[in-house]
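Okay, structure first, notes after.
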Amino acid sequence: MPEPAKGQLDLGFERLLGAVLARIDREELVRLTRELVRIPSVYRPEEPDGNEAHVAQFVVDYLERAGFETHTKEVAPGRPNVWAVWEGDRPGRTLLFEAHTDVVTEGRAEDWDYPPFGAERVEGRVFGRGACDTKGNLAAAVLAVRAIKDSGVPFPGRLVLCHPVDEEGMMSGIKAFIEEGHAGGVDAAVICEPEENQLCIKQKGALRVEVTVRGRMAHGAMPASGVNPVTRAARFVVAVERLEREEVERYGEDPFLGCPSLTPTILMGPESGEPQINVIPASAYVALDIRTIPDQSHRELVGRLEGILADLEAEDPDFDATLEVIEERPPTETPEDEPLVQAMAAAYRRLTGEEPRYNGVPGATDGTFLAAWGGIPTVTTGAGDREIPHHADEWVGEEELLTTCELYAATAMYYCYGKDAHV
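In this text, residue positions in the sequence shown follow this note's numbering: the first is 850, and each later residue adds one.
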């Protein structure tokens, strides 16, 4: 898309940006964050009337009161995606802000010093499940776009607020959003996740792999009468550990993402049903959480895992196993000279007087699919300590959250006004 004409900056970009930033109210940002946190949006299949639907309706009501055109579409019963579109008074780029509505389980309430969904405000922090990941950043994105809209500044572009379900699961929300064509025409996306306001321009890929090892049930006192799948599954796990070392030696450490990993996360026998200490089970189950860096080939990696199974079968005529890839999330990378990265870097300098800190996302985000499926350049950033998500007493700092909101708004201004705004 061509850069906006120079004449669009005649009013003075700094004055326009100042008018936008002046519309951001810290207390409104904190209030909205707390209201979002108070709505438990943990996906629980046994509670069809709860989960993400309530927080989605809250977001819709808030956006419509603020004058936005909103859309909803159920991905599954009780699991609606929400998005809103605002168009400026001039044509230009389309920038999307993505922040999911679901949160992970709170676990045991007694492990928390503050109520998990109380959204308590203590010494400049908001505590609660989702405060950091990512309801504070959802609030920041909403208020950033609202500030641009309400400021009345001439705006050359289109802004989309995208709030999908199931980011903490299989990411069915963003997948449906893309497959239904709603990401069409989007030029770039800001993924609103807790990254300490670092500009994360890389994301690790992921493979979720299940291996089922079949044996033959027998009494634990007479193991020779059966075939033990547990010991055979253990051989596979040890071989995976060797493969991980080989992959690290081969590809080294990415400066933003660290080393690749192949992590067995579940070893279970039998694969279903009740285990018993004196029974050799009929099967064993192994789950792998594999995280990759951009130089790795997922196809080659799966081939090497299948090769391990083939070698084990060749060594042991009773070894019988199958492998299935149940999810694949490719690694992504956005170049530093991409206009969105340049715009966000300029916004960061303008707001902080410092150079931006670049980094990578150690896990996948909804931005993985926007980049890999939609071909949309992404940057992941937002308020929150990177180590805090999914912990008890999760929190977000109010001052950092305010900076995030301003960063989102300023990024949209710099990006849609084009390079003349930040040369």
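Ideal Cβ placement from N, Cα and C applies to all residues, glycine included.
Computed from a predicted structure; not experimentally measured.
If the criterion is Cβ atoms closer than 8 Å, does the pair residue i and residue j meet it?
i	j	result
residue 1113	residue 1151	no
residue 883	residue 968	yes
residue 1052	residue 1109	no
residue 822	residue 981	Because the chain in this structure spans residues 850 to 1272, residue 822 falls outside the shown range and cannot be described.
residue 1219	residue 1256	no
residue 1262	residue 873	no
residue 939	residue 1003	yes
residue 1252	residue 1046	yes
residue 946	residue 963	no
residue 1231	residue 1044	yes
residue 941	residue 1265	yes
residue 1281	residue 932	There is simply no residue 1281 to check, as the chain begins at 850 and stops at 1272 in what is shown.
residue 1192	residue 1205	no
residue 1247	residue 875	yes
When the Cα atoms are used, what is the spatial distance from residue i to residue j?
i	j	result
residue 1097	residue 1212	17 Å
residue 863	residue 1018	41 Å
residue 1101	residue 1074	46 Å
residue 1061	residue 1021	25 Å
residue 819	residue 974	The structure shown does not extend to residue 819, since the chain spans only 850 to 1272, so no value can be given for it.
residue 1013	residue 930	4 Å
residue 1135	residue 1117	7 Å
residue 921	residue 1041	20 Å
residue 880	residue 1240	22 Å
residue 869	residue 1028	34 Å
residue 1175	residue 928	21 Å
residue 877	residue 926	32 Å
residue 1078	residue 1068	13 Å
residue 1189	residue 1119	50 Å
residue 1094	residue 1177	21 Å
residue 1065	residue 1122	15 Å
residue 1115	residue 1070	26 Å
residue 965	residue 972	17 Å
residue 894	residue 900	8 Å
residue 1221	residue 987	23 Å
residue 1147	residue 1111	12 Å
residue 1091	residue 1254	45 Å
Between residue i and residue j, which are expected to be in contact by the criterion C-beta below 8 Å, what is the C-beta distance as a whole number of angstroms?
i	j	result
residue 948	residue 1216	Incorrect: roughly 11 Å between the Cβ atoms, too far for contact.
residue 934	residue 891	Not really, about 28 Å apart at Cβ, beyond 8 Å.
residue 1140	residue 1054	7 Å
residue 886	residue 984	5 Å
residue 1228	residue 1050	6 Å
residue 937	residue 1005	6 Å
residue 991	residue 1008	Not confirmed; about 11 Å, so no contact.
residue 1034	residue 919	Rounded, the Cβ-Cβ distance is 18 Å, inconsistent with contact.
residue 1132	residue 1235	About 38 Å; that fails the 8 Å criterion.
residue 1226	residue 1187	5 Å
residue 1260	residue 1196	5 Å
Excluding sequence positions up to five away, which residues of its chain have a Cβ less than 8 Å from the Cβ of residue i?
i	result
residue 1161	1081, 1084, 1085, 1088, 1168 and 1170
residue 1025	922, 924, 930 and 1013
residue 1207	1047, 1048, 1049, 1050, 1105 and 1185
residue 1072	1129
May I ask which residues mark the beginning and end of the beta strand (DSSP E) holding residue i?
i	result
residue 1229	1227–1230
residue 1116	1110–1117
residue 1012	1005–1012
residue 1141	1132–1141
residue 1208	1207–1210
residue 930	928–936
residue 993	Unbroken run through residue 993 is the alpha helix (DSSP H), 985–1000; no beta strand (DSSP E).
residue 1126	Note, residue 1126: premise wrong, no beta strand (DSSP E); not H, not E.
Below 6 Å CB to CB, which residues in the same chain sit around residue i once its five sequence neighbours on both sides are set aside?
i	result
residue 1143	1180 and 1182
residue 1237	981 and 1243
residue 1166	none
residue 1023	1013, 1215 and 1218
residue 915	995
residue 1103	1142
residue 1275	Since the first residue shown for the chain is 850 and the last is 1272, residue 1275 is missing from the structure and cannot be characterised.
State the start and end residues of the unbroken alpha helix (DSSP H) segment that holds residue i.
i	result
residue 1031	That residue, residue 1031, is in no alpha helix (DSSP H); it is neither H nor E in DSSP.
residue 906	901–914
residue 946	Not the alpha helix (DSSP H): residue 946 falls in the beta strand (DSSP E), residues 939–947.
residue 888	No alpha helix (DSSP H) holds residue 888; DSSP gives it neither H nor E.
residue 1081	1078–1100
residue 954	Note, residue 954: premise wrong, no alpha helix (DSSP H); not H, not E.
Using C-beta distances below 7 Å, list every residue in its chain close to residue i, excluding the 5 sequence neighbours before and after it, in chain order.
i	result
residue 1172	1058, 1060, 1154, 1155 and 1158
residue 1258	869, 870, 873, 993, 996 and 997
residue 904	885, 888, 890 and 950
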